[in-house]
Amino acid sequence: MERLERLLAARDKTIAVLIQRQLDSRAQGTTALNTLEQNISLERVVARKTQELAKERADLENALGQLKLTQTRLLQAQKMESIGQLAAGIAHEINTPTQFVSDNVTFLRSSLAPLFKVLDAARDLAEAVRPGGQCPERLAVFDAAADDADLAFLREQLPMALEQSAEGLTRIATIVNAMKKFSHPSGEVMKPEDLEGIIRTAVIVSQNEWKNVADLQLRFEPDLPPVSCLGDEIGQLVLNLIVNAAQAISERMGKGDLSPGRITIAAARLDRVVELRFEDNGAGIPEKIQGRIFDPFFTTKGVGKGTGQGLAIAYSTVVERHKGQIFFESNGQGTCFFIRLPL
Ligand SMILES: Nc1ncnc2c1ncn2[C@@H]1O[C@H](COP(=O)(O)OP(=O)(O)O)[C@@H](O)[C@H]1O
Ligand SMILES: [Mg+2]
Numbered sequence: 044m045e046r047l048e049r050l051l052a053a054r055d056k057t058i059a060v061l062i063q064r065q066l067d068s069r070a071q072g073t074t075a076l077n078t079l080e081q082n083i084s085l086e087r088v089v090a091r092k093t094q095e096l097a098k099e100r101a102d103l104e105n106a107l108g109q110l111k112l113t114q115t116r117l118l119q120a121q122k123m124e125s126i127g128q129l130a131a132g133i134a135h136e137i138n139t140p141t142q143f144v145s146d147n148v149t150f151l152r153s154s155l156a157p158l159f160k161v162l163d164a165a166r167d168l169a170e171a172v173r174p175g176g177q178c179p180e181r182l183a184v185f186d187a188a189a190d191d192a193d194l195a196f197l198r199e200q201l202p203m204a205l206e207q208s209a210e211g212l213t214r215i216a217t218i219v220n221a222m223k224k225f226s227h228p229s230g231e232v233m234k235p236e237d238l239e240g241i242i243r244t245a246v247i248v249s250q251n252e253w254k255n256v257a258d259l260q261l262r263f264e265p266d267l268p269p270v271s272c273l274g275d276e277i278g279q280l281v282l283n284l285i286v287n288a289a290q291a292i293s294e295r296m297g298k299g300d301l302s303p304g305r306i307t308i309a310a311a312r313l314d315r316v317v318e319l320r321f322e323d324n325g326a327g328i329p330e331k332i333q334g335r336i337f338d339p340f341f342t343t344k345g346v347g348k349g350t351g352q353g354l355a356i357a358y359s360t361v362v363e364r365h366k367g368q369i370f371f372e373s374n375g376q377g378t379c380f381f382i383r384l385p386l
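Residue numbers (our numbering): 44 to 386.
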């Protein structure tokens with residue numbers, strides 16, 4: 044890459060020198076009429092050379108751009124791999140205790156009914172002996188304990204508390220599972236994948252990005268065929284588009300338009316492709332930057348929020364790696380990205 048950058052600089056210098064020469068020759072040309080013809084032909088040569096060099100320069104710049112993007116992709120892949128390994132490790136560590144806490148909660152839930160049955164029987168017993176005046180001290184202890192425990196309250200609240208705990212644990216398990224799936228590298232080989240599963244996983248993993256600004260809806264056509272693809276690259280792409288949508292909605296809200304955010308992800312089969320749509324009611328993409336959003340490092344977001352790599356990588360993932368199409372429609376009401384992957 045450095046070599047390319049040096050080459051580019053060298054070309055720039057040569058072009059500058061040639062142009063200078065052209066200008067010089069023009070200046071001299073006016074002084075001597077008899078050298079006019081020579082000057083004209085020289086000028087033509089120089090002009091042609093300059094053109095050739097400019098083209099070479101454009102080619103170099105193109106190659107450099109490609110190389111930079113490849114490097115970004117590689118770095119990203121490496122980063123994802125190490126983050127993926129970490130995430131898989133953490134997921135495993137969280138999974139084990141979650142599993143036994145879940146088992147215990149299930150056990151507690153199933154123990155409540157028999158426990159209350161015993162308590163009811165004890166209370167009936169107490170009421171049965173009370174009129175006879177037997178064991179007055181024991182009765183007093185029982186009454187005090189029953190009062191302290193506020194049995195009616197426990198009877199109502201305990202099952203609810205345990206049910207909520209079970210629900211929370213199911214949520215943890217879902218997230219951890221998604222993390223595990225997401226961090227599992229699928230390798231460089233295309234294989235038939237279930238896009239719905241990939242999208243659902245990305246939606247769970249990115250929850251934190253969208254749940255405070257938008258309602259997210261999924262619309263999958265039933266019986267979507269599996270699509271031959273690189274699973275983790277498509278997962279990454281889906282994640283990027285969801286994050287972009289959520290950020291566009293935040294941006295719109297930041298400007299004072301607080302109507303509820305909505306992200307809709309749809310998947311449907313169209314003849315020989317599967318089309319994914321990512322629709323948001325965010326700020327929209329202003330017309331004057333619409334031609335640049337797929338450029339590497341183009342971003343309208345502040346440091347720490349955007350790096351401008353998401354859509355550039357999305358483009359190369361879809362178009363170059365999967366021979367598909369990516370395009371969008373956008374206006375002041377929001378944006379819709381379309382991805383078409385060949386079947
Ligand atoms: N859904 C969207 N709504 C509005 N603007 C978007 C959307 N997606 C992308 N953009 C615009 O395209 C730019 C490039 O996006 P991207 O390549 O993902 O980089 P980043 O998100 O890091 O800025 C964003 O900075 C933003 O201006
Ligand atoms: Mg982005």
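Every residue, glycine too, gets a C-beta built ideally from N, C-alpha and C.
- Counting along the chain, E239 sits inside the alpha helix (DSSP H) bounded by residues 238–248.
- Taking 7 Å as the cut-off, the beta carbon of V281 is found no closer than this to the beta carbon of E252.
- Counting only runs of at least 3 residues, the region 158–190 fully encloses no beta strand (DSSP E) element at all.
- With fewer than 16 other Cβ atoms from the protein chains shown falling within 10 Å of its own Cβ, L129 counts as exposed.
- Judged by DSSP secondary structure, T307 falls within the beta strand (DSSP E) whose first and last residues are 304–313.
- The beta-carbon separation of D323 and I292, rounded to 6 Å, stays under the 8 Å limit for a contact.
- According to the DSSP assignment, G211 belongs to the alpha helix (DSSP H) that extends over 194–226.
- Cβ neighbours of S302 within its own chain (closer than 8 Å, five residues either side excluded): N324.
- Using a Cβ-Cβ distance cut-off of 8 Å, the region 106–114 and the region 44–51 are in contact, since at least three pairs of beta carbons, one from each stretch, lie closer than that value.
- Between V60 and the set G375, V89, L112, the nearest pair of CA atoms involves V89.
- Looking at the backbone, the Cα of A216 and that of A257 are separated by about 23 Å.
- Cβ-Cβ distances below 8 Å link L212 to T141, V144, S145, V148 in the same chain, with the five nearest sequence neighbours on each side left out; the list follows chain order.
- Ranked by how close their Cα comes to the Cα of A188, the residues Q114, R166, S208 have R166 in first place.
- In this structure, I277 is the residue among I277, G327, A310, M296 with its C-alpha nearest to the C-alpha of V362.
- Scanning its chain for C-beta atoms nearer than 6 Å, with the 5 sequence neighbours on each side dropped, one finds around M222 the residues A130, A134, in chain order.
- In the DSSP secondary-structure assignment, V317 is bridged to R312, L384.
- The closest CA to that of L66, considering only N82, L386, G377, V248, is found on N82.
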